[in-house]
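Participant:
Chains as they are written, first to last, in the numbering used here: chain E, 58 to 267; chain Y, 58 to 267.
(1) Determine the chain C residues that contact residue 236 of chain Y at a beta-carbon separation under 7 Å, and present them in chain order.
(2) Between the alpha carbons of residue 57 of chain Y and residue 204 of chain E, how many angstroms are there, rounded?
(3) Residue 90 of chain E and residue 170 of chain E look like a contact to me (Cβ under 8 Å); what is the Cβ gap, rounded to whole Å?
(4) Give the secondary structure of residue 124 of chain Y by DSSP, where H, G and I count as helix, E and B as strand, and everything else as coil.
(5) Throw me the rounded Cβ distance for the residue 233 of chain E and residue 255 of chain E pair, which I believe falls under 8 Å.
(6) Is it right to say residue 222 of chain E is buried, meaning 16 or more other beta carbons lie within 10 angstroms of its own, or is it exposed?
(7) Counting C-beta neighbours from all protein chains within 10 Å, is the total for residue 199 of chain Y 16 or more, i.e. buried, or is it exposed?
(8) Here's the rule I'm using: 16 or more other beta-carbon atoms within 10 Å means buried, otherwise exposed. How should residue 273 of chain Y be labelled?
(9) Could you run through the region 211-228 of chain E and flag, in chain order, every residue whose CB is less than 9 Å away from some CB of chain Y?
(10) Quick one: Cα of residue 148 of chain Y to Cα of residue 156 of chain Y, how far?
(11) Report the three-state DSSP secondary structure of residue 259 of chain E (helix, strand or coil).
(12) In three-state terms, what does DSSP make of residue 196 of chain Y?
(13) Within the chosen definition, does the region 85-102 of chain E reach the region 122-136 of chain E through at least 3 CB pairs nearer than 8 Å?
(14) Leaving out the 5 sequence neighbours to the left and right, which residues in its chain are closer than 7 Å to residue 106 of chain Y when beta-carbon positions are compared?
(15) Please name the residues in the region 104-133 of chain E whose beta-carbon is closer than 8 Å to at least one beta-carbon of chain Y, in chain order.
(16) Between residue 89 of chain Y and chain E, is the shortest Cβ-Cβ distance under 8 Å, so that the two count as touching?
(17) Can you confirm whether residue 156 of chain Y, when its beta carbon is compared against all beta carbons of chain E, has any partner nearer than 8 Å?
(18) Would a check of beta-carbon distances place residue 254 of chain Y closer than 8 Å to chain E?
(19) I want to see whether chain E comes within less than 8 Å of residue 135 of chain Y, judged by CB atoms only; does it?
(20) Which of the three DSSP states is assigned to residue 211 of chain E in this structure?
(21) Using the Cβ count rule (16 or more neighbours within 10 Å means buried), how would you classify residue 181 of chain Y?
(22) In angstroms, rounded to a whole number, what distance separates the CA positions of residue 240 of chain Y and residue 178 of chain E?
(23) Could you name the residues of the same chain whose beta carbon sits closer than 7 Å to that of residue 120 of chain Y, not counting the 5 residues immediately before and after it, in chain order?
(24) Pick helix, strand or coil for residue 186 of chain E, following the three-state DSSP scheme.
(25) Could you tell me the boundaries of the alpha helix (DSSP H) in which residue 114 of chain E lies?
(26) Less than 8 Å between the CB atoms is what I'm expecting for residue 136 of chain E and residue 146 of chain E, so what's the real figure, rounded?
(27) Taking DSSP as the reference, what is the three-state secondary structure of residue 130 of chain E?
So this is what it looks like as structure tokens:
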């Protein structure tokens, strides 16, 4: 506390500066992952974080703003996961592209509730939540970069179509796999292998002649 | 009415046999398409259908059962839309496959709220709602059939991977396009053309050598 005294409220709200905001986001995420987004309320989040009912309103206008912050955190984690996969894949752009697709699908399947929250239709409209917009846009760049490296010298139209196809396939597989719906067709127990098999169905995903 | 008399209740509930069930499904669908699934309650549906508050419970155990019936109707309409596209596409299996993908994406983009409802994660678990299961499974068959016709003599593994890839790509594009998210990459104003361009990125989607 600024004045160094112990006040009763300090026992319930031991947060300052960014600490409270992060704690609220963590509490909202835990509730959303356990009960779904509908289980989240600013009241329940305040209780879970051990702060006063009024405290969340210092940081979030309403429940949707708090959920948007959770979604933004999800997109930042997705980007980090993709970059880690790309780095581990090494120098071949086709291997990197397949690793990125597997990373995308694996992220969704490992965190289905978070991925669904990130997918909330209202959160896709640019301009509604600035930090979320930025995190979402940046999360797609590793895929777009890998596609561009697989198609050096290709026309913009060709690159764009390939990029949209890779993203659509990875996104669809992420949704279907996280719901367990592809299980009748594909062995999801080795998700990297399953994603590799599907992404290889795209012309772009293997080196010419490979 | 069977006996030809006008009874007071007949003014509020002019339904009999399957009529009431269909009216409740239609009312629930209209509310879900306007306000989202969260706006649906058996009370609101009863009011919209002009029947007593108790009437919905004769047909549906709870709100989820009613929404599952709306989702099942959606999958039956999806199947009908796909079959119509397949028939219009004519005899070439590759053209038919691309037309089916375009039909899938077009269905989702034309009815985003219904498609999102059909996508409800809890509705994907087999066994929860029998009629929904059947309608969902049947809706995928036109795509699977077209893939098989594009790959005569192929191994089962090859057919299955191609089928899962087509479905994943179409599904991902359907979700992304219905949220408007692919708009930055692809011109969604001609959705058939856009889908055709993406589906052609798959090895399977064009005749060998085409």
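Ideal placement from N, C-alpha and C gives every residue a C-beta, glycine not left out.
Facilitator: Reading from the atomic positions:
(1) Structure shown: chain C not included; protein chains present are E and Y.
(2) Only positions 58 to 267 of chain Y appear in the structure, and residue 57 of chain Y is not among them; the question remains open.
(3) The residue given as residue 90 of chain E occupies position 33 in the first chain. The residue given as residue 170 of chain E occupies position 113 in the first chain. Indeed they touch by this definition, with Cβ atoms about 4 Å apart.
(4) Taking the first residue of the second chain as 1, we reach residue 124 of chain Y at position 67. The DSSP-derived three-state label of residue 124 of chain Y is helix.
(5) Position 176 of the first chain, counted from the start, is the residue given in the question as residue 233 of chain E. Position 198 of the first chain, counted from the start, is the residue given in the question as residue 255 of chain E. Wrong, their Cβ atoms sit about 10 Å apart, outside the cutoff.
(6) If you number the first chain from 1, residue 222 of chain E lands on position 165. Buried, since its Cβ has 16 or more Cβ neighbours within 10 Å.
(7) One-based indexing of the second chain puts residue 199 of chain Y at position 142. Its Cβ being crowded by 16 or more others within 10 Å, residue 199 of chain Y is buried.
(8) Because chain Y here runs from 58 to 267, residue 273 of chain Y falls outside it and cannot be looked at.
(9) For the region 211-228 of chain E, the beta-carbon criterion of a distance under 9 Å to any beta-carbon of chain Y is satisfied by 214, 217, 218, 219, 220, 221, 222, 223, 224, 225, 226, 227, 228.
(10) In the second chain, residue 148 of chain Y corresponds to position 91, counting from 1. In the second chain, residue 156 of chain Y corresponds to position 99, counting from 1. If I take the Cα positions, the gap works out to 12 Å.
(11) As a first step, residue 259 of chain E must be located in the first chain, where it is residue number 202. DSSP places residue 259 of chain E in strand when its eight states are reduced to three.
(12) As a first step, residue 196 of chain Y is located in the second chain; it is residue number 139 there, counting from the start. Three-state DSSP puts residue 196 of chain Y in a helix.
(13) With a cut-off of 8 Å on Cβ pairs, the region 85-102 of chain E is in contact with the region 122-136 of chain E, counting three or more such pairs.
(14) Indexing the second chain from 1 puts residue 106 of chain Y at position 49. In the same chain as residue 106 of chain Y, and ignoring 5 residues on each side of it, the C-beta atoms closer than 7 Å to its own belong to 80, 81, 84, in chain order.
(15) Taking 8 Å as the Cβ-Cβ cut-off against chain Y, none of the residues of the region 104-133 of chain E qualify.
(16) Locating residue 89 of chain Y in the second chain gives position 32, where the first residue counts as 1. No, because no Cβ of chain E sits closer than 8 Å to the Cβ of residue 89 of chain Y.
(17) The residue given as residue 156 of chain Y occupies position 99 in the second chain. No - not a single Cβ of chain E is within 8 Å of the one on residue 156 of chain Y.
(18) What you label residue 254 of chain Y is simply residue 197 of the second chain in a count that begins at 1. For residue 254 of chain Y, the answer is yes, since a Cβ of chain E falls inside 8 Å of its Cβ.
(19) In the second chain, the residue the question calls residue 135 of chain Y occupies position 78. With 8 Å as the cut-off, residue 135 of chain Y does not count as an interface residue toward chain E.
(20) To locate residue 211 of chain E, count along the first chain from 1; it is residue 154. Note: residue 211 of chain E maps to coil in three-state DSSP.
(21) Here residue 181 of chain Y is taken as the residue at index 124 of the second chain, counted from 1. Around the Cβ of residue 181 of chain Y, a 10 Å sphere holds 16 or more other Cβ atoms; the residue is buried.
(22) Taking the first residue of the second chain as 1, we reach residue 240 of chain Y at position 183. Taking the first residue of the first chain as 1, we reach residue 178 of chain E at position 121. Going from the Cα of residue 240 of chain Y to the Cα of residue 178 of chain E covers about 14 Å.
(23) Position 63 of the second chain holds residue 120 of chain Y. Taken in chain order, the residues that qualify are 97, 98, 99.
(24) Taking the first chain and counting its residues from 1, the one referred to as residue 186 of chain E is at position 129. In the three-state reduction of the DSSP assignment, residue 186 of chain E falls in the coil class.
(25) To locate residue 114 of chain E, count along the first chain from 1; it is residue 57. Where residue 114 of chain E is concerned, there is no enclosing alpha helix (DSSP H), given that its DSSP letter is neither H nor E.
(26) One-based indexing of the first chain puts residue 136 of chain E at position 79. One-based indexing of the first chain puts residue 146 of chain E at position 89. About 16 Å; that fails the 8 Å criterion.
(27) The count along the first chain starts at 1 and reaches residue 130 of chain E at position 73. Looking at residue 130 of chain E - three-state DSSP - the assignment turns out to be helix.
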